[in-house]
Structures are given as C-alpha cells and as structure tokens.
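The structure appears below as structure tokens.
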Amino acid sequence: MRTTVFKNILPTILLSFGAAFYVYATHSGLGLTSDSANYLAAARSLLHSGTLRNADGTAYTNWPPLYPALLALARADLAYVRIGQVMVFLGILFLAFRMAECNISNAVLRLFFMASLVFSTPLLLANVFVWSEGFFVLLTLAAFVCFELYETSGRAAYFWLFIAVSNLICLQRFTGIFFVCGFAVLIFLQQENLKKTVIYSLFSLLGVAAWLLRNTFFEQNPAFQQNILITPPLQSLSGYVDAFGNWFVPVSAFFAVKLIVGVLWFSGILFCQWRFRFKPDSFFFRSNWLALCYLACMVLAGGESPETERFAMPACIWVFGGIAAALDRSFQVMPASYRRIVLVVAFVWLSYPLVRTVKNAVFWHRMNVTDIHRA
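Residues in the sequence shown are numbered consecutively from 309, following the working numbering.
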C-alpha cells in the first residue's frame, strides 16, 4: 500500500498542484516581455508571409527558429499558447518524475525531488511568460531520456533519436549548444569512443549551423552575437551566483549568503564524488555535470545580466536531481537517525519555494504582467 502511494498517488497529487499553480497564475493572461513580442511577431509573419520578422520588421536572427514555429502552430493566439505551455509545464514534470523513478531508489527522496520542481518559482516563471525556456527544458529532458535508452539498449535508433532531439534543443535556444557539449563529454567518458562522440557532436549541430549560415548569407545579419560577451565575467558570475542562491534562500538574502550556498553546493559535489567514486553513467555524475557545464558556459557567454534567473533556470532540474542522487547514495551508509534528520530538514526547507511560488502565482493572477516581476 505504501509503495502504491509513493508511486502513483503522491506524484499525481504533485502534478495536480503544478497544473493548479499554472492555471491560477495565468488567469489574467500570459506574461509578455520584449523577447515575447518578437517571438509572437515572428510567428505571425511566418503565418502570413512565410518569413520570420521581428516586431520592428527586421530579420528574425537574434534567436533560432523553433519557438516561433511552435507559436505559429498555435496561430500565435495567446489562448492556444497558454494551453500549449501548460502541456509543456506538465510534460517537464512528468519526464522529470519518470527520470527520478529510474535513477533514485529512495521513494521519499523521489518525492522531495518532485516537490522541489513543482514548487520551483523559476520553472513556473518560464512557462507563465511567453518565453522559449519552457520547451527548451522539456527538450533537454527528452534528450536525457533518449541518451539513457541508448546507453542501456545500445540500439542505433535511440542514438539517432538522441541526435534529432539534440538538434531541436539548439534550434529552440542557442544555449542548447552547451547541453550538446555536455552530452558529448558524457558519451566519451562512458564509451571512450571518440568516433561516436564526434558523430554525435557534428550531427547534433547541423540544424543550428544551417540556421546561422542562412542568417549570414541571406540576411547578412547573425544578430545573436549582440547577446554574448556584453557582461564582464565577474559581473556575470555574480549574477548567476545570485540567481542560483534564490533557489535555496530568500531573494532578499545578502549576496554573501547566496555565495556560501553556491560554495557549499560545489563543495558537496566534490566531496560526494571523492567519497563514493561515482562513475560517469551514474545519475549523480550526469546531473551535476550537465548543471555545471551549462552554468559555466552561461557565465563565460556573458549574457544580459538583468534576466539571469531566467537564463539559469534550465540548470534547476539537474541541480536538484544531483542533490537527490547524492542523498540517495548517502542514505545507504547513513544511520537511520541521521536520515530522519536530513529528511526533516529537506521537507521543512520546501516551505520556502512553496511560499515563494504561491506568492508569485498570486501576483501573476492579479495582473497580466508585461515585464519580469517576481516577489
């Protein structure tokens, strides 16, 4: 009976909570920013003229083309987009839960991982606004599932499906290239097969390479370049430390507190890797590597700092996946009394993301925001 509750009832309840948060938060409509206006303008121009144009009529080259194409499928109608984004949000939660079932043996820790995502303000934020990050995260999870299927079965079909999804990741957001790099390293570490790694890397980047060449030769404007290297490295690092810290401590906390949180997380990864000697095929190693690879690349890219929490969000699932995996392994050697203390602390901590998400959902419910507003 207890197993049935953890496997079926509680995940269903959490998914229902997630859906309720989303429907309530978007009661007054989806949030729109300047990026949203260009996504929607590109979708409408694609529908009407077969071309991709920004809101000001210039060529749509600042972003890859998949998201406006998806918006065009929804007729660029915000009512349909809202339905699509709640499906994406629930899809993210479903794939994350399935990933946890396959990789985290402790049912209570699976519940903790699920709750940390359902109550995650950044994850909800990415889907409340007309932004490309939501579907981007869904694609990264789908790629991970394909990667695991390929690793466990060795079937070529799954390898090429993995490559196909990786292409979509890069065509959804240029930062998908960072995930492709991360997966390529995992393939090499797991199989020690340079040829397979090169094949994956080259074929996974074909789509985005074609898009960039198209912009260069036909539009003479690879405008995405204006989004990178605009923030000094130290300022960029500070921004991501602040965004990362917001996942664990109140937004109003001093930067020093958030820096300590980041140092503790990184130190915990190093300690657990030293203590348990996790192999590259472990969920702990893979989750933390993808999180570190993505965040490090984003810091080096030096994107626009005011939206750092939005840009950091795709790492959120992998960060909490790594934490759950570390606890899952630690519980195997930890005395029962210590396990109970850790679980109590973990579930008490969940009150913070829950309160933050409820607070923001209420704010978004009351007004149709036109810029990034978080409490």
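The beta-carbon is built from N, C-alpha and C at its ideal position, and this holds for glycine as well.
Beta-ladder partner(s) of residue i, from DSSP
i, result
"ARG361", "ALA367"
"PHE437", "GLY339"
Cβ-Cβ separation, residue j to residue i (assumed contact under 8 Å), whole Å
i, j, result
"TYR347", "PRO376", "5 Å"
"ILE400", "LEU431", "7 Å"
"CYS601", "CYS489", "6 Å"
"ARG664", "GLU441", "ARG664 to GLU441, Cβ: 18 Å. No contact."
"ALA632", "ILE412", "5 Å"
"VAL436", "ALA333", "5 Å"
"SER595", "TRP626", "5 Å"
"PHE443", "VAL396", "5 Å"
"LEU514", "ASN475", "6 Å"
"ILE485", "VAL516", "7 Å"
"GLY462", "LEU386", "So it is not a contact: roughly 44 Å between Cβ atoms."
"LEU479", "TYR466", "Contact flag wrong, Cβ pair sits at about 20 Å."
"ALA604", "ALA551", "The Cβ separation is near 14 Å, so there is no contact."
"SER512", "ILE471", "5 Å"
Alpha helix (DSSP H) segment containing residue i, residue limits
i, result
"PRO373", "First-last for PRO373: undefined, no H or E at that position."
"LYS667", "659-674"
"ASP550", "541-554"
"LYS566", "563-584"
"ASP636", "624-638"
"GLU617", "616-620"
"ARG594", "591-609"
"ALA404", "386-411"
"THR320", "318-333"
"LEU514", "514-522"
"LEU425", "415-426"
Proximal residues to residue i (C-beta, below 8 Å), its chain only, five neighbours per side dropped
i, result
"LEU658", "PHE420, ALA423, SER424 and PHE427"
"ALA345", "ALA363"
"LEU545", "VAL607"
"ASN414", "LEU635, ASP636 and PHE639"
"LYS587", "PHE593"
"ARG383", "LEU355"
"PRO661", "SER424, PHE427, SER428, THR429 and TRP555"
Contacting residues, own chain, Cβ-Cβ under 6 Å from residue i (five flanking each side not counted)
i, result
"LEU510", "none"
"LEU403", "LEU449"
"LEU469", "CYS454"
"TRP519", "PRO372"
"TYR330", "VAL394 and PHE397"
"ARG481", "SER440 and PHE444"
"LEU497", "PRO588"
"THR678", "For THR678, the predicted structure reports a pLDDT of 48, less than 50, and the residue's modelled location is therefore unreliable. The matter cannot be settled from this model."
"ARG647", "PHE639"
"THR359", "SER353"
"GLY553", "LYS566 and VAL569"
"LEU598", "GLY490 and TRP626"
Residues near residue i in its chain [Cβ-Cβ closer than 7 Å; skip 5 each side]
i, result
"HIS681", "Because HIS681 sits at a pLDDT of 45, beneath the cut-off of 50, its placement in the model cannot be relied upon, and the following sentence gives the value as read from the coordinates. Excluding positions up to five away in sequence, the list reads PHE671."
"LEU379", "TYR347, LEU348, ALA351 and VAL389"
"PRO319", "PHE405 and MET422"
"ALA327", "VAL394 and LEU398"
"THR505", "ALA492, ILE495 and PHE496"
"LEU651", "VAL416"
"LEU322", "MET422, ALA423 and VAL426"
Contact test: residue i Cβ vs the ligand NAD heavy atom, cutoff 6 Å
i, result
"VAL426", "Ligands in the displayed structure: none, and consequently the ligand NAD is not present."
ask   = Could you give the uninterrupted runs of the alpha helix (DSSP H) lying entirely in the stretch 462-508, keeping only those of 4 residues or more?
value = Listed in chain order, they are 464-480 and 484-499.
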